[in-house]
Each structure stands twice: as structure tokens, then as C-alpha cells.
Amino acid sequence: MRATIDSDTAWDAFTRRDRAFDGHFVVAVRSTHIYCKPSCAARRPRRENVAFLPDAAAARAAGYRACRRCLPDSVARDREAVIAAAALLTSDVAPSLAALAASVDYAPHHFHRLFHRLTGVTPAAFARTCRADRVLAALRTTESVTAAIYAAGYAAPSRFYADAARLGMTPQAAAAGGADEVIHWTCLIAPPGALLLAATARGWCRFAFDEDGAGLHATFPAATLRRGDPAWRAGAAALVSCAAAVPSDVSLPRPVRRTAFRTLLHQSATAIG
Ligand SMILES: [Zn+2]
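Residue numbers for the sequence shown follow my numbering, so the first one is -5 and each next one is one higher.
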């Protein structure tokens, strides 16, 4: 078991069948000689019959067999598949769900559920956040909105304009560095790190983990930036709480967690908004 998980925490996670702890430790049951994921659906043994071990290899070395119900050996493979898929979704031309699942050797429906369970968002939603990132980058580096549409990998303008709604301003205004826009912003602590949230009167225009006010200014140099007042910050905090309430696997790499979290913020904003 990793040093950060004590046996009371492990037992608590096990009794709650908390999927977030799958892969962090396995539960070895002395009375049956079987080891399980923390989330296994099987009936809970008595605590005195249970040992918490770091991983499946340690359980096997101690003479335990893998549970046939929860398949504890699949956890590492599942996580690697999700990480590989996230890398593909971040790339220029994100594959379809079928191609994505095939690339990591899972059935599409099963992989969709797996990706959602570990990241908190669907592959399509994750891909949309990556595309919106490219939209903004393309708007800032190409000479026209039309050029940006194709530079960002869009076959048609309609999808582009749907994603560009996340800019919180027109594509033309974003291309002009936020000209004539007033942007309110604040920094808050979110589960995957320090987070900047910024919005115009039209809506959220930026969620970013990699910057402070200076980074925001670099992105929208022509905009008027104002620190959000307490009421505005309370709205931002509510949005973060809403996104943070969605379960996800905290052992995924930080870039994956951050993209997933920004996706959850957009989804929460739509739900609240
Ligand atoms: Zn089990």
C-alpha cells in the first residue's frame, strides 16, 4: 500500500466500494485466499479476515488468487488504456470512439464506460475540450477566422462555431486578443491544482491550470482584465465545487486530470447556467 493510505482509510474505501481507490491497493481475504479491487461488488468479509496489499503482484506472491468477479488484475491495464486514449484525443485529428477503442484493444461500449468512470467525462467531451484549445490557439496565430477553422482541424464551420462558444466572445474578438472585452477572473484551488477561471459578460472564456493573471493577459492582451468581486468569486467557487463532485481516478497523470476537469467545468457551467 502507498504510504498515503492507512488501513482505516483503505477499509473505509473498501466498505464504500469506492472505485477511486481501485489500483491504489488490493484487498486480500484470508478466509477465501482471494484478492479484490476496493470496489468489488462481493459481500464484505469481516475486517479481521482482510489484509490490504499494495498491488496484485504482492497478493499473488502471498498466495492469493484474483477474484473472478472484480478482476483486480485489469486495473493497471484499464488505466494505461485510458491514458493512451487521452493522448490520442489530444492529438490534432481525434479518432472516432470505435477507432479509439480499437487502438487500445477494448470494445467501444465498454471503453466508453471505462473512460467515463476513470476521467469523469466521455471521450467525446474530452476531445471537445482539446479541440476548443486548438481553436483559441489557431485564432491567435492565423490571419482569419476561416483559416483558423481549418488550422484547428475542422472540416466544416458549424462545428467550429459550436466549440467557439467556449471562447466567451466572438471568434473575431478572440482573434483580436479580446479587444473591447471586459474579463473578470480569479484563481481558486481545484483538485488537480491551482485553477484560473475567467469570464466575459457572455460567459466563461478561460479555465486554465498553467497560468495566473499574467497568463490570462498574454492570451487576451487587448481585453480589460478585472479581478472578480466576492459575489463573482462565489459563482466561480460554486462551479469548481460542482465539477469537483464528479468522481474520477486521482492516480491518472495530471495533464489528463486537468483536461478532464476543465471539461467538467464547461459541463457544470452549462448545467448551472
Ligand atoms: Zn472481487
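Backbone N, C-alpha and C fix where the C-beta goes; we use that ideal spot for every residue, glycine too.
Whole-angstrom C-beta distance between residue j and residue i, which should lie under 8 Å
| i | j | result |
| --- | --- | --- |
| histidine 178 | alanine 192 | 7 Å |
| proline 186 | arginine 251 | 4 Å |
Cα-Cα separation between residue i and residue j, rounded to whole angstroms
| i | j | result |
| --- | --- | --- |
| aspartate 2 | alanine 70 | 24 Å |
| cysteine 125 | alanine 56 | Note that residue 125 is arginine in the sequence shown here, rather than cysteine. Those two C-alpha atoms are separated by around 47 Å. |
| alanine 101 | alanine 95 | 6 Å |
| alanine 80 | phenylalanine 120 | 8 Å |
| isoleucine 143 | valine 115 | 25 Å |
| aspartate 204 | proline 32 | 33 Å |
| arginine 11 | cysteine 64 | 11 Å |
| phenylalanine 214 | alanine 50 | 49 Å |
| alanine 78 | serine 68 | 15 Å |
| leucine 233 | arginine 37 | 37 Å |
Per-residue burial, residue i [other beta carbons within 10 Å of its own, 16 or more giving buried]
| i | result |
| --- | --- |
| serine 262 | buried |
| alanine 4 | buried |
| threonine 194 | buried |
| glycine 209 | exposed |
| alanine 53 | buried |
| alanine -3 | Caution applies to alanine -3, whose pLDDT of 48 falls short of 50 and renders its modelled position unreliable; the model cannot decide the point. |
| glutamate 137 | exposed |
| isoleucine 183 | exposed |
Contact set for residue i: own chain, Cβ-Cβ below 8 Å, skip 5 residues either direction
| i | result |
| --- | --- |
| leucine 112 | Asp72, Arg73, Val76, Ser242, Asp243 and Leu246 |
| histidine 106 | Leu91, Ala95, Thr116 and Pro117 |
Backbone secondary structure at residue i - three-state DSSP
| i | result |
| --- | --- |
| glycine 162 | coil |
| glycine 187 | strand |
| histidine 27 | coil |
| aspartate 16 | strand |
| phenylalanine 214 | coil |
Other residues of its chain near residue i: CB distance less than 7 Å, five sequence neighbours each side excluded
| i | result |
| --- | --- |
| glycine 222 | His178, Trp179, Thr180 and Ala230 |
8 Å Cβ cutoff, residue i in contact with chain C
| i | result |
| --- | --- |
| arginine 220 | Chain labels in this structure do not include chain C; a single protein chain is all it has. |
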